[in-house]
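Read the structure below first, then the notes.
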Amino acid sequence: MDLSSTKPVGPADRTVRPRIWAMGISRLRDLFREIAGEFDERADVRIVTRAYEDALSAIAEAGTARPDVIVAAGSNGGFLKTRAQVPVVVVSPTGFDVMQALARARRDASRIALVSAGETPPEVRRFVAAYGLDVQFASYQSAQEAEACVHDLHDRGIETIVGPGLVTDLAASAGMGAVFLYSHASVRKAVETALEVAYATHAEAFRRQRLDNLLQHLRDGVVALDAHGRVEAINERLASALGVEPAAAVGRALVDLRPELRTLRGEDGDALATVRGVRYVVHRGPLVDRGVTSGSVLTFQESRAVERLDRALRSQPNTQQFAARYALDDVVGASAPMARVRDLVRRYAKSDATVLVLGESGTGKEMIAQSLHALSVRRSYPFVAINCGAFPEALLESELFGYEEGAFTGARRGGKTGLFEAAHRGTLFLDEIGEMPPSLQSRLLRVLQEREVIRLGSTEPIRIDVRVIAATHRPLLAAVEAGTFRADLYYRLNILNIGLPPLRERAADIPALAATLLVQAARREPRLAERVREVGDAMRVFGATQATLARYRWPGNVRELQNVVERIAVELAEEVDEQDPGAACAALAPDALQAIAPELFATPPEAADPDDAQTLQARRRRAEADEIRAVLDACGGDRDRACAMLGISKTTLWRKLSAK
1 MDLSSTKPVG PADRTVRPRI WAMGISRLRD LFREIAGEFD ERADVRIVTR
51 AYEDALSAIA EAGTARPDVI VAAGSNGGFL KTRAQVPVVV VSPTGFDVMQ
101 ALARARRDAS RIALVSAGET PPEVRRFVAA YGLDVQFASY QSAQEAEACV
151 HDLHDRGIET IVGPGLVTDL AASAGMGAVF LYSHASVRKA VETALEVAYA
201 THAEAFRRQR LDNLLQHLRD GVVALDAHGR VEAINERLAS ALGVEPAAAV
251 GRALVDLRPE LRTLRGEDGD ALATVRGVRY VVHRGPLVDR GVTSGSVLTF
301 QESRAVERLD RALRSQPNTQ QFAARYALDD VVGASAPMAR VRDLVRRYAK
351 SDATVLVLGE SGTGKEMIAQ SLHALSVRRS YPFVAINCGA FPEALLESEL
401 FGYEEGAFTG ARRGGKTGLF EAAHRGTLFL DEIGEMPPSL QSRLLRVLQE
451 REVIRLGSTE PIRIDVRVIA ATHRPLLAAV EAGTFRADLY YRLNILNIGL
501 PPLRERAADI PALAATLLVQ AARREPRLAE RVREVGDAMR VFGATQATLA
551 RYRWPGNVRE LQNVVERIAV ELAEEVDEQD PGAACAALAP DALQAIAPEL
601 FATPPEAADP DDAQTLQARR RRAEADEIRA VLDACGGDRD RACAMLGISK
651 TTLWRKLSAK
């Protein structure tokens with residue numbers, strides 16, 4: 001595919017076959033040959049058995065017939081990626097590749113080394129550690145280092161090496177076992193990626209061509225400068241702003257046209273300039289001709305117009321960066337407590353009032369917040385979330401409210417839009433609101449009251465239209481009484497509230513929830529994807545273990561259940577019979593579940609003195625009942641509101657109040 005062609009082809013046109021060079025030697029070359037034919041209709045895939053400097057020479061010798069994209073692997077891939085003048089896609093082994101390769105190596109050897117080109121990826125180390133495999137790790141950057149690495153491993157008694165083609169060839173020459181790391185799937189994926197890179201490069205060339213045409217009609221001032229800073233071309237709008245004739249400006253430096261432009265430095269980026277009493281935002285970018293920077297192009301926009309545009313853009317939804325991923329249909333559970341939650345979500349979604357979501361960690365507070373947003377009239381606008389407990393106070397303040405340029409040391413040029421502004425016309429979710437520092441609580445209260453924010457370093461208020469949903473796992477009333485949370489902010493947040501039951505209080509939902517999570521996990525495990533496609537498939541897998549799942553207390557709630565299910569999915573994938581792709585996944589036996597998640601079978605320790613334990617438990621029950629009565633009083637006796645604030649069901653409320 002000749003991207004230098006002037007033929008006006010659209011960015012979505014995939015009828016032209018890109019040229020892809022698959023560069024590799026030995027084992028990788030053979031893999032390339034085996035899959036190349038699959039791409040004949042979409043690409044011209046050429047196998048080039050050259051590497052390192054020799055490969056660079058081949059690219060240079062190709063001239064205009066050079067490839068659009070190169071696919072390579074190992075140290076050769078890393079070498080070409082930093083030196084070749086065309087895009088390079090490096091073949092990366094998948095977790096499945098690593099698992100298969102190590103399994104093959106263990107058949108014939110007990111001392112194994114996994115050798116990587118460059119640092120061993122952390123996820124590979126974690127994978128090996130998770131399975132308790134006795135594997136040595138080593139890496140290399142060049143062919144010479146690879147040879148030294150193999151000799152060292154041989155001297156240390158390593159029997160088999162798993163790695164790219166270069167080190168496996170060296171290992172075989174040294175009389176060691178050698179297992180090639182890459183698979184057809186990983187090579188095929190790399191070629192697919194190369195195709196996408198080629199299409200994207202082609203689309204970018206098309207966009208540049210269109211941009212060149214559009215520049216002639218821009219309403220902004222535009223000037224093109226040569227490498228020495230002299231005017232090559234200038235549009236009528238900028239010439240008029242500078243007070244010169246376009247023809248008279250050509251060949252002269254900008255500073256000769258207007259001395260005040262000497263403040264514009266030569267760096268690319270944005271700057272401010274004042275010309276004849278008018279303030280401009282000036283953007284400088286490079287002019288590139290056949291890969292060589294030959295000058296620069298400057299655009300002049302009146303700062304007032306930029307400010308108006310910024311306000312207008314801020315009011316538009318940023319659907320890609322800030323979007324809700326969950327809806328109410330994604331919330332699993334048919335129990336009475338969850339039916340109550342669903343009913344509240346549907347009702348509160350019709351309102352624009354602030355909502356406080358209460359529940360233990362891992363109960364799905366953000367999913368409920370996203371469901372509220374997805375059902376509301378704001379669903380077409382941003383859903384912005386922030387964890388108030390995850391940032392230091394100063395950083396949280398700048399994230400929420402934004403800042404102006406120069407507001408503090410290290411402030412970004414041009415300032416930064418805060419999350420309140422980013423959520424304009426949408427929803428802002430303040431997770432872990434109970435962790436917000438007291439000094440920021442007062443600022444948040446003002447925003448909720450006045451519906452406007454003031455950026456750090458500014459005195460100009462910015463109007464916002466945002467619905468706020470807050471969440472916490474802490475008892476906020478207790479924090480109010482302790483003086484760590486503002487009472488006025490609490491009542492401003494607690495207009496509507498939803499209490500999420502812990503998983504142990506909706507045990508009937510656990511089998512269906514576990515099955516849903518297993519289906520999701522199976523999609524990430526290629527060997528399970530076809531066997532566990534529906535919730536019914538997953539329910540059959542859990543079989544007799546459902547009762548065990550339902551009995552467990554789940555202190556980590558849904559998050560803990562998800563972790564256990566992920567472990568189960570990994571183990572089930574190991575048991576898959578790859579010779580029988582249509583076979584159903586075997587049911588999970590109780591002893592297998594105990595091996596995977598022994599915590600589900602642990603017996604709680606008993607108190608040393610039953611009498612003392614019973615007395616202590618009675619005191620705790622009475623204290624808990626007193627606290628519940630205080631919440632009931634604060635809610636005016638409204639049990640629904642009290643249950644929502646406490647995150648418990650009515651049945652649990654009655655039981656705790658009746659405890660002695």
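With the first letter of the sequence shown counted as 1, position 70 gets the number 70 in UniProt numbering; the numbers rise by one all the way through.
Idealized CB from N, CA, C, for every residue including glycine.
Simplified DSSP assignment, three categories, for residue i
i, result
"G132", "coil"
"L218", "coil"
"K416", "strand"
"E399", "helix"
"P286", "strand"
"E606", "Residue confidence for E606 is low, a pLDDT of 42 falling below 50, so the modelled location carries little weight; the figure read from the coordinates is stated next. Coil."
"residue 664", "Outside the shown range of the chain, which is 1 to 660, sits residue 664, and nothing can be said about it."
"L225", "strand"
"V331", "coil"
"I112", "strand"
"A479", "helix"
"V447", "helix"
"A101", "helix"
"A253", "strand"
"A239", "helix"
Contacts around residue i, its chain only, beta-carbon distance under 7 angstroms, and the 5 residues preceding and following it disregarded
i, result
"L31", "Y182, H184, V187"
"A478", "none"
"R378", "R425, G426, T427, R467"
"F79", "Y52"
"L419", "V384, I386, E399, L400, L428"
"V197", "V69, P87, V89"
"P93", "L181, Y182, S186"
"C388", "L396, L430, D431, E432, I433, E435, M436"
"D509", "V332, G333, A334, S335, M338"
"G163", "L114, V115, S116, L181"
Sub-7 angstroms separation of residue i and residue j beta-carbons
i, j, result
"H154", "A174", "yes"
"V332", "L513", "yes"
"V167", "V191", "no"
"V457", "Y403", "A small correction: the amino acid at residue 457 is Gly; Val does not occupy that position in the sequence shown. Yes, Cβ-Cβ distance for G457 and Y403 is below 7 angstroms."
"E452", "R443", "no"
"P18", "A43", "yes"
"A109", "E38", "no"
"N563", "E360", "no"
"residue 688", "P590", "Any answer about residue 688 is impossible in this case: the structure gives the chain only from 1 up to 660."
"L657", "C643", "no"
Bridge partners - residue i, DSSP secondary structure assignment
i, result
"Q301", "V281"
"I386", "L430"
"N497", "L356"
"Y140", "A117"
"A423", "DSSP, once it has assigned bridges, lists no residue as partnering A423."
"F180", "G163"
"G295", "D226, L287"
Residue i beta carbon near the ligand SAM (any heavy atom closer than 6 angstroms)
i, result
"R639", "Ligands are entirely absent from the displayed structure, and the ligand SAM is therefore not among its contents."
Residue i, enclosing beta strand (DSSP E) - first and last residue
i, result
"W21", "19-23"
"N557", "Here N557 belongs to no beta strand (DSSP E); instead the alpha helix (DSSP H) covers 557-574."
"P461", "461-463"
"L272", "269-275"
"A233", "231-234"
"E53", "Per DSSP, E53 belongs to no beta strand (DSSP E); it is in the alpha helix (DSSP H), 52-62."
"R46", "44-48"
"residue 678", "Residue 678 lies beyond the range of the chain shown here (1 to 660); nothing can be said about it."
"V519", "First-last for V519: 510-523, but that is the alpha helix (DSSP H), not the beta strand (DSSP E)."
"V91", "88-91"
Cβ shell of residue i (< 8 angstroms), same chain only, five flanking positions each side left out
i, result
"D40", "none"
"D609", "Bear in mind that the predicted position of D609 carries a pLDDT of just 44, short of 50, making it unreliable; the figure below should be weighed with that in mind. Nothing listed; no residue qualifies."
"R567", "I596, A597"
Nonlocal neighbours in the same chain, by C-beta distance under 6 angstroms from residue i, ignoring five residues either side
i, result
"Y552", "L600"
"A471", "V357, K365, D431"
"A36", "V45"
"N235", "V222"
"V480", "A487, Y490"
Terminal residues of the alpha helix (DSSP H) in which residue i lies
i, result
"T472", "Per DSSP, T472 belongs to no alpha helix (DSSP H); it is in the beta strand (DSSP E), 467-472."
"residue 661", "There is simply no residue 661 to check, as the chain begins at 1 and stops at 660 in what is shown."
"I158", "From DSSP, I158 is part of no alpha helix (DSSP H); its letter is neither H nor E."
"K81", "74-83"
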